[in-house]
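Enquirer:
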Amino acid sequence: MELIQSLEDRFGNHRVKSITNPLHPEQELLLLFLELEVPVTVLMTASLSTYQMPVLEQWVGREFNEIYFCLPTYWDFENYTNPNSSWIYEWIYKLERFVRDKNTWFGPGHTIPTANPEVPISLLMKQEYFIFLDPILLQKELAPITIQEKTIHFLSVVPIFGDELDFKMGKGTQKFIRKFIQRKNDEKLDDYRHSILDSRLKFF
């Protein structure tokens, strides 16, 4: 696959591994083992970019995407029976199927609820929504890749709380991102993260 080859060229073939989704064997995924100042593991779709998303006019050029979760060192991504860690496999499958089956698109700032009504992602991950963001921590590592005149972008999948969604909807995506980063957050999953609005002084 050309995407895998391009990622191997970028990171080295020892840092790129193709796997089958352990909960949904029909889905191929990629693991990227990235040695940053603090190492992270990236769980990424492998073939979502074969689907051309029907983007709005202002998003022309962003039709091809792969989505990913950025996992911290403590994340036991090989434990497929623990729902506090294995939910990443369930959700990366659901998100890829959703965008394909609905013939829709994902772009930076798009959000999706966990359910209707919303429920926490897991016993540890209390957030009830996901937001798609361009890479923050991995801005350099996951810069777009061009393969045969097709530019593939990488969208992180980031859990957010209900009050954060309200802030984003009321104040706009860019203000949300600025506040998110100001609170020293990025796309790396964090079971212990608090809402960016969780303080005695809520600056709007």
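As numbered in UniProt numbering, residues 1 to 204 make up the sequence shown, in order. Beta carbons are placed, not taken as given, at the ideal position from N, Cα and C, and that holds for glycine.
Taking the alpha helix (DSSP H) that residue 47 belongs to, which residues open and close that run?
Expert: Counting along the chain, residue 47 falls outside any alpha helix (DSSP H), and DSSP gives it neither H nor E.
Enquirer: Would DSSP call residue 155 helix, strand or coil?
Expert: strand
Enquirer: Go to residue 129, then tell me how far its beta strand (DSSP E) extends in each direction, as first and last residue.
Expert: Going by DSSP, residue 129 is part of the beta strand (DSSP E) stretching over 129 to 133.
Enquirer: Any idea which residues DSSP pairs residue 99 with across the strands?
Expert: DSSP lists no partner for residue 99.
Enquirer: Which class does residue 220 belong to by DSSP, given the choice of helix, strand or coil?
Expert: Residue 220 falls outside the range modelled here, since the chain spans only 1 to 204, and no answer is possible.
Enquirer: Cα-Cα, which of 30, 150, 118 is closest to residue 70?
Expert: 30
Enquirer: For residue 104, which residues of its own chain have a beta-carbon under 8 Å away from its beta-carbon, when the five flanking residues on both sides are left out?
Expert: 53, 54, 98
Enquirer: Taking DSSP's pairing of strands, which residues face residue 205 in a bridge?
Expert: There is simply no residue 205 to check, as the chain begins at 1 and stops at 204 in what is shown.
Enquirer: Distance check for residue 129 and residue 119, CA to CA, integer angstroms please.
Expert: 9 Å
Enquirer: Using 10 angstroms around the beta-carbon of residue 91, count the other beta-carbons present and answer buried if the total reaches 16, otherwise exposed.
Expert: buried
Enquirer: Tell whether a beta-carbon distance below 8 Å holds between residue 147 and residue 2.
Expert: yes
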